[in-house]
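> Residue 203 in the UniProt record's numbering is what sits at position 203 of the sequence shown, and the numbering runs on without skipping anything.
Backbone N, C-alpha and C define an ideal beta-carbon position, used for all residues, glycine too.
Everything numeric in this text was worked out from a predicted model, so none of it was measured.
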Amino acid sequence: MATIKDVAKQAGVSIATASRVINNAPHTSQAAVVAVKEAMEKLGYRPNANARALVSKSSNTIGVLVNDVSAPFFGTMVKAIDTIASEQEKQLLIGSGYHNATKERNAINLLINSRCESLVIHSKGMSDSELCDLANEIPGMVLINRVVPGMASRCIALDNKKGSYIATEHLIRNGHKHIGYICSSHNIEDAIDRREGYLDALRDHGIEIREEYIEYGEPDETGGEQAIVNLLAKNIPLTAVATYNDYMAAGSMALLQENGLRIPDDMSVIGFDDGHIARYIYPRLTTIRYPIQAMANEAVKLSLQLVHDENAAQNERKLFMPILIKRSSVSCLR
Numbered sequence: 001m002a003t004i005k006d007v008a009k010q011a012g013v014s015i016a017t018a019s020r021v022i023n024n025a026p027h028t029s030q031a032a033v034v035a036v037k038e039a040m041e042k043l044g045y046r047p048n049a050n051a052r053a054l055v056s057k058s059s060n061t062i063g064v065l066v067n068d069v070s071a072p073f074f075g076t077m078v079k080a081i082d083t084i085a086s087e088q089e090k091q092l093l094i095g096s097g098y099h100n101a102t103k104e105r106n107a108i109n110l111l112i113n114s115r116c117e118s119l120v121i122h123s124k125g126m127s128d129s130e131l132c133d134l135a136n137e138i139p140g141m142v143l144i145n146r147v148v149p150g151m152a153s154r155c156i157a158l159d160n161k162k163g164s165y166i167a168t169e170h171l172i173r174n175g176h177k178h179i180g181y182i183c184s185s186h187n188i189e190d191a192i193d194r195r196e197g198y199l200d201a202l203r204d205h206g207i208e209i210r211e212e213y214i215e216y217g218e219p220d221e222t223g224g225e226q227a228i229v230n231l232l233a234k235n236i237p238l239t240a241v242a243t244y245n246d247y248m249a250a251g252s253m254a255l256l257q258e259n260g261l262r263i264p265d266d267m268s269v270i271g272f273d274d275g276h277i278a279r280y281i282y283p284r285l286t287t288i289r290y291p292i293q294a295m296a297n298e299a300v301k302l303s304l305q306l307v308h309d310e311n312a313a314q315n316e317r318k319l320f321m322p323i324l325i326k327r328s329s330v331s332c333l334r
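In structure tokens:
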């Protein structure tokens, strides 16, 4: 028996588009309508009751896609969205995409088929063009932590490059010239931008860029620990390390201290995100604040507005600026 996936494949459209055609939903092109109906007839497809639970009907549910729901960063994001949802007497449905295009796509389709009109999407795996196609189909879809040119007015993002620049420049202004960088091994925009911010700060201050000063790892404590091990093994004269996030910073700090290095006297460390861990490791971590709560508030409010007014988005994306949070893990070299 043919399924809606078979129909979408035969018609050359997404599952979301096929669903909207089957249920006579608005915002669907005439070409898609014709293609899907022809595919249904050819395959002998008959929609069942579950296939009719679609975004075309009103719903009190907001869909949220995160990377990993167990990560504290995304817990903060979801909590902020849920606060607004509760005020609007709405519920959340949450999916995890794990920075994988197929998993993100499947999770979004599930949210759509669960009648979520408002969608707040944190996607790093799907292409710009596919996200733009989805945004055209789903008026209430907003991207967070990513800028897609074709839908920039519905993107809520942070200037990651600027944040990493500020972090590295803070180390430079404290007299450090031999500065390592611990980077995420994930091939995503955040990792690329933060690495470039580090490099730009070195260039602007006339400090030689050395590839051996950069190490990569999983963006967690274990990845940070392994990366600092690799840097120390090179026997290079580092006095400071900038990191992709606070968890990599925490892992590197633990390893340094276990090996008798004092922070910040022997090695200065700076993080990125200003998550809860930054306040409770010792010494307390100097870092870059990622205003994810404010960004999530902005994203869900915009999503709810777009459901009722497709012109609610501004002409330009909403770009948040990172802020340096000074604590105790950076020393000033005399």
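1. So, is Ser328 buried or exposed, given that buried needs 16 or more other C-beta atoms within 10 angstroms?
2. Could you check which residue in Lys326, Ala191, Ala240 and Ile22 has the C-alpha nearest to that of Lys124?
3. So, with DSSP's three-state summary, where would you put Arg52?
4. Please say whether Tyr198 and Ala242 have beta carbons closer to each other than 8 Å?
5. Please report the straight-line C-alpha distance between Gly223 and Ile112, rounded to a whole angstrom.
6. When you compare only the Cα positions, how much space is there between Ile84 and Pro283?
7. Please say whether Ala249 and Val120 have beta carbons closer to each other than 8 Å?
8. Can you tell me the Cα-Cα spacing of Met77 and Ile292, whole angstroms?
9. Please specify which runs of the alpha helix (DSSP H), each continuous and at least 4 residues long, are wholly inside the region 45 to 130, giving them in chain order.
10. Closest by CA to Gly275, which one among Tyr290, Arg262 and Pro264?
11. Would Leu92 and Ile108 qualify as a contact pair, given that the criterion is a beta-carbon distance under 8 Å?
12. Pairing CB atoms from the region 208 to 225 with CB atoms from the region 157 to 164, are three or more of them under 8 Å?
13. Does the distance from the C-beta atom of Lys37 to that of Val21 stay below 8 Å?
14. For the alpha helix (DSSP H) that Arg327 lies in, which residues bound it at each end?
15. Straight-line CA distance for Leu232 to Ile263?
16. Give me the DSSP bridge partner(s) of Asp273.
17. Going by beta carbon distance, what residues of the same chain come within less than 7 Å of Leu319, once the five residues before and after it are set aside?
18. Roughly how many whole angstroms lie between the Cα atoms of Glu211 and His122?
19. State the Cα-Cα distance for the pair Asn24 and Glu189, rounded to the nearest angstrom.
20. Leaving out five residues before and five after Ala49 in sequence, what residues of the same chain have Cβ atoms less than 8 Å from its Cβ?
21. Assuming Leu255 and Gly271 are in contact, meaning their beta carbons sit under 8 Å apart, how far apart are those beta carbons, in whole angstroms?
22. Does the distance from the CB of Met267 to the CB of Ala240 come in under 8 Å?
23. Between which two residues does the alpha helix (DSSP H) holding Ser184 run?
24. According to DSSP, which residues form a beta bridge with Ser268?
25. In this structure, how does DSSP classify residue 341 when only helix, strand and coil are distinguished?
26. Assuming the contact rule is C-beta atoms closer than 8 Å, His186 and His308 should be a hit. Round their C-beta distance to whole Å, please.
In short:
1. Under this definition Ser328 is an exposed residue.
2. Cα-wise, what sits closest to Lys124 is Ala191.
3. Legend: pLDDT at Arg52 = 44, less than 50; position of this residue unreliable, no value from coordinates given.
4. Yes, the pair counts as a contact, with Cβ atoms nearer than the cut-off.
5. Between Gly223 and Ile112, the C-alpha separation is close to 35 Å.
6. Each residue's alpha carbon lies about 35 Å from the other.
7. Contact: no.
8. Between Met77 and Ile292, the C-alpha separation is close to 6 Å.
9. Listed in chain order, they are 72 to 87 and 101 to 113.
10. Among Tyr290, Arg262 and Pro264, the Cα nearest to that of Gly275 is on Tyr290.
11. At least 8 Å separates the beta-carbon of Leu92 from that of Ile108.
12. Result no; under three Cβ-Cβ pairs closer than 8 Å.
13. In contact: Lys37 and Val21 (Cβ atoms closer than 8 Å).
14. According to the DSSP assignment, Arg327 belongs to no alpha helix (DSSP H), since it is labelled neither H nor E.
15. So the alpha carbons of these two residues sit roughly 15 Å apart.
16. As DSSP reads the structure, Asp273 sits in a beta bridge with Arg289.
17. Same-chain partners within the cutoff: Ala157 and Asp159.
18. The alpha-carbon atoms of Glu211 and His122 are separated by roughly 31 Å.
19. When the Cα atoms are used, Asn24 and Glu189 turn out to be separated by approximately 37 Å.
20. Since pLDDT at Ala49 reaches only 36, below the 50 mark, its modelled position is unreliable, and the value read off the structure follows with that caveat. Excluding sequence neighbours, Ala49 sits near nothing in its chain.
21. That belief does not hold up - the Cβ atoms of Leu255 and Gly271 are roughly 15 Å apart, past 8 Å.
22. Yes.
23. Per DSSP, Ser184 belongs to no alpha helix (DSSP H); it is in the beta strand (DSSP E), Ile179 to Ser184.
24. In the DSSP assignment, Ser268 forms a beta bridge with Ala240.
25. Any property of residue 341 remains undetermined from this structure, which presents the chain solely from 1 to 334.
26. Rounded, the Cβ-Cβ distance is 36 Å, inconsistent with contact.
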